[in-house]
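To start, the structure under review is shown below, and the notes come after it.
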Amino acid sequence: MSFIPHIPLGAGAEAAVDWIKANLPVVLDAISDSFNFLAGELTDLLMLLPALVLAALFAVLGAWVRSWKFAIFVLLGMTLIISMEVWEPAMQTLSMVLVATLVAVIISIPVGILAAKNATVSAIVRPVLDFMQTMPALVYLVPVVIFFSIGFAPGVVATIIFSLPPGVRLTELGIRQVDSETVEAGEAFGGTSGQILRGIQLPLGLPTIMAGINQVIMLGLSMAVMAGFVGAPGLGKIVTGALATVDVAVGFEAGLGIVILAIFLDRLTGAIGQPTPGSIGAAWRRRQSAKAELAAAKSRRPAPGAGVGV
Amino acid sequence: MPAIEATGLTKIFGRRPQRGVKMLREGATREQLMKEGLTAAVIDATFDVQPGEIFVVMGLSGSGKSTLIRNVNGLLEPTAGTLLVDGDDVTHLPPAGLRALRRNKVSMVFQHFALLPHRTVGENAAYALELKGVSKADREKAAEEALGMVGLDGWGGHLPSELSGGMRQRVGLARALAAGTEIMLMDEAFSALDPLIRKEMQDQLLELQADLGKTILFITHDLNEAMRLGDRIAMMRDGKIVQIGTAEQILNEPATDYVSQFVADVDRTRVLTAGAVMERPVAVIGSESGPRAARKLMSEHQTSSLLVVGRDRKVVGVVWEDDVAEAIRQGSDNLPRPSRAVAQVSPETPLAELFGDAAENRSPLAVVNEKGALVGVIPRVTLLSALAVPNGSENGTSTDSEADATAGGAR
Ligand SMILES: Nc1ncnc2c1ncn2[C@@H]1O[C@H](COP(=O)(O)OP(=O)(O)OP(=O)(O)O)[C@@H](O)[C@H]1O
Ligand SMILES: [Mg+2]
């Protein structure tokens, strides 16, 4: 018994998808081409170097922003990926995640800033984000495939949609939670809203914004695997293949590769924007500032014979 | 021309605040506005701040002090009334005009310092100039100078997190000083500091003020702080200014019961000075006069001692009844030799420092100016009665019509 007639929302969505497909082919092709190009080129670039050399470079990066221990983990993890013979798909997944993250960050930070500064924008953006986040990913994979066929592009687009919300949310939160008195100080000394944003809100909100970007990357990685269903290359494709053939061994190895990539990206981006005294980068900066202070002290007191022997 | 001049300044928070202004004009109370969802934070405030003055706004939490001060630099826009800074109306400035006001005329010191934690002390001190677009070299120089003024030489390279609370607020002060504005707003600037540090900062501010002569609008909820710092004090209650006056006026002539209740537990001995309680020197005799004139004066003023002054009004000493009577009996034409046991104090001496002198000497205290000339006396009874909280019957000030029972009870 249904007293309430079926409201054809699904049909509406289908019509909208059809309309976009029919009327905006140039736009869709442009998006598709550029994502395929970017992710493809980045993969080629990563594959240019011998796998072990690149693994070592990743380890150096880890040491720079985090610690020696992390560097060793990175080196071992990457070597494991090589030994499991999933290096190329891993690099494809990495490329896809990086391109998607880049685009998601480029979109989410300005939107987050607008939402933080304007209550109306915030009120509009919030339900949209909720929708994007809770709509099951497999559902919007369908129109994505219709729009962008298969390859990197649908994967990148699906990844962007899925990973965008935390970027926007945490940017908004990061800016809103900056101590209001400090923001007021910027205003009280005659700062423009741009000066206050650049000089106070962004730097002080950075840890939260970085946590958002970290979330974007982690969600992007999980989505990049889902994108395997629509034929996006990478570890996800292997996982979905293993699912179809019920191949535990292959599935496990690809899954392990994803875990290693995830930890690598998480710890790496988690370290940016946080004080990491154990990192080589921090040690280097300490030396630089010590040098600068010494120089300043010397210039203040140019007493002969009082030079500090270093 | 006053540096700041507010007339009928009113600030109401809530939707369509103009309703509230109308209601207030029609005699509605703050509570009635509250029922309409409007908060009348400042109601009809009229005051002026003279150049070079420290003007203190004093009131309990929620009385509207912060709201008032934020109208002055346009962080809040008044709902009604006018506000002139240096004679220019700043009530409804466009954004660019507001920025110019804040960059060139009015700077601010904040309760919780509001320093930028990711920047060095030097960069923080230079922040106002940076916003203004002053070149790096110039603003660093100005910042260093300002840090020197507040006693933070050589700390420019440190981060605020490496400093103690008092030092951080010195940076906040340096930032406002480096901005180079004539007017400084200080919203509970010392309230977050320990009592001892706080006292130090007050001293520092007074010292700086003696050199720089800024116009300071200072907010506090601590009456002792208000009395120490303020040339004049505005007492606020529930959004209204209930009295404006010097510390002594507020103490001795409280305009309402609320004020007198407020000042009841002030340490009067530290606020009141000798100048405020001294009496006109009438029991005084010239050193060339004779003992008979002295006896006449004593009986006229019903006192047992007279201060003896020279032609230059400098205090020579004190003569007592017994000695004068003895001199008359001996037929002497000269005053007896004055006793030197007279304490001489300056008008600025706080009462707290007078008790020692009063205890040591039987005679009244002589208040003398910087040239040593007698300007007043403080009999010992006056000193004691000055400590008592004034009440209506004694000083004749009318009590507030809405006289409230608790105020009377608290005394
Ligand atoms: N932005 C605002 N919106 C609504 N109401 C406000 C706003 N700012 C202040 N108020 C209200 O105005 C009244 C006065 O607040 P204000 O901050 O000026 O008081 P204050 O005297 O500075 O108190 P405190 O000593 O706690 O700082 C309070 O009732 C407060 O709740
Ligand atoms: Mg306040």
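Same order as they appear, the protein sequences are chains A and B.
The opening position of the first sequence corresponds to residue 180 in the working numbering, with each subsequent residue numbered one higher.
The opening position of the second sequence corresponds to residue 481 in the working numbering, with each subsequent residue numbered one higher.
Built from N, CA and C at the ideal position, the CB exists for glycine as well.
Keep in mind that this is a model prediction, so the values were computed, not measured.
Check                                                                                                                        : Outcome
Cutoff 7 Å; reference A/V244; Cβ partners in own chain excluding five residues on either side                                : L447, A450, I451, T455, S458 and G460
Segments assigned beta strand (DSSP E), at least 3 residues, entirely inside the segment 482-515 of chain B                  : 484-493
Distance between A/A364 and A/I379 (C-alpha atoms, nearest Å)                                                                : 10 Å
Where the beta strand (DSSP E) containing B/T562 begins and where it ends                                                    : A560 to V565
Stretch-stretch touch, CB-based, cutoff 8 Å, three pairs: the segment 297-315 of chain A with the segment 242-262 of chain A : no
Minimum Cβ-Cβ distance from B/A594 to chain A less than 8 Å                                                                  : yes
Three-state secondary structure assigned by DSSP to A/I199                                                                   : helix
Straight-line gap, B/G888 to B/Y738 (C-alpha atoms, nearest Å)                                                               : Residue confidence is low: B/G888 scores 36 on pLDDT, short of 50, so the model does not pin down where it sits. Its coordinate-derived value is still stated next. Distance between the alpha carbons of B/G888 and B/Y738 is about 10 Å.
Any non-hydrogen atom of ligand 2 within 7 Å of B/D667 CB                                                                    : yes
Residue environment, B/V565, which counts as buried when at least 16 other CB atoms sit within 10 Å                          : buried
Residue-chain proximity (A/E432, chain B), Cβ-Cβ < 8 Å                                                                       : no
Beta carbon of B/G561 nearer than 8 Å to that of B/T490                                                                      : yes
Cutoff 8 Å: A/P184 Cβ touching any chain B Cβ                                                                                : no
Residue from A/D445, A/L473, A/G436 and A/A462 with nearest C-alpha to A/I260                                                : A/G436
Secondary structure of B/I549, DSSP reduced to three states                                                                  : helix
Rounded C-alpha distance that separates A/A295 from A/I288                                                                   : 10 Å
Separation of B/V537 from B/A714, as counted between CA atoms                                                                : 5 Å
Which of helix, strand or coil DSSP assigns to B/E759                                                                        : strand
Proximity below 8 Å, CB of A/M270 to CB of A/G334                                                                            : no
Cβ pair count under 8 Å reaching 3, the segment 365-375 of chain A against the segment 574-594 of chain B                    : yes
B/S785: first and last residue of the uninterrupted beta strand (DSSP E) it sits in                                          : S785 to V789
Inter-residue spacing [alpha-carbon to alpha-carbon] between A/W198 and A/V324                                               : 15 Å
Contact the segment 530-546 of chain B vs the segment 697-706 of chain B: 3+ CB pairs below 8 Å                              : yes
B/P597 burial status per 10 Å Cβ neighbour count (16 or more: buried)                                                        : exposed
CB-CB length for B/D792 against B/A846, believed under 8 Å                                                                   : That pair is no contact at about 14 Å.
Near ligand 1: B/H592 beta-carbon under 7 Å from a heavy atom                                                                : no
Outcome for A/E432 when other beta-carbon atoms lying within 10 angstroms are tallied against a minimum of 16                : buried
Supposed close pair B/R499, B/E516 - CB separation, criterion 8 Å                                                            : 7 Å
Pairwise C-alpha distance: B/A520 and B/T547                                                                                 : 10 Å
Straight-line gap, B/N814 to B/T753 (C-alpha atoms, nearest Å)                                                               : 36 Å
Status (buried if at least 16 other CB within 10 Å, exposed otherwise) for B/R708                                            : buried
DSSP state of A/G191 mapped onto helix, strand, coil                                                                         : helix
Rounded Cβ spacing between B/N553 and B/L665 (contact assumed at less than 8 Å)                                              : 6 Å
Inter-residue Cα distance where the pair is A/D426 and B/L595                                                                : 59 Å
Near ligand 2: A/S468 beta-carbon under 7 Å from a heavy atom                                                                : no
Where A/G486 falls: helix, strand or coil (DSSP)                                                                             : The pLDDT assigned to A/G486 is 38, lower than 50, so where the model puts this residue is not dependable; a value taken from the coordinates is nonetheless given after this. It is coil, neither helix nor strand.
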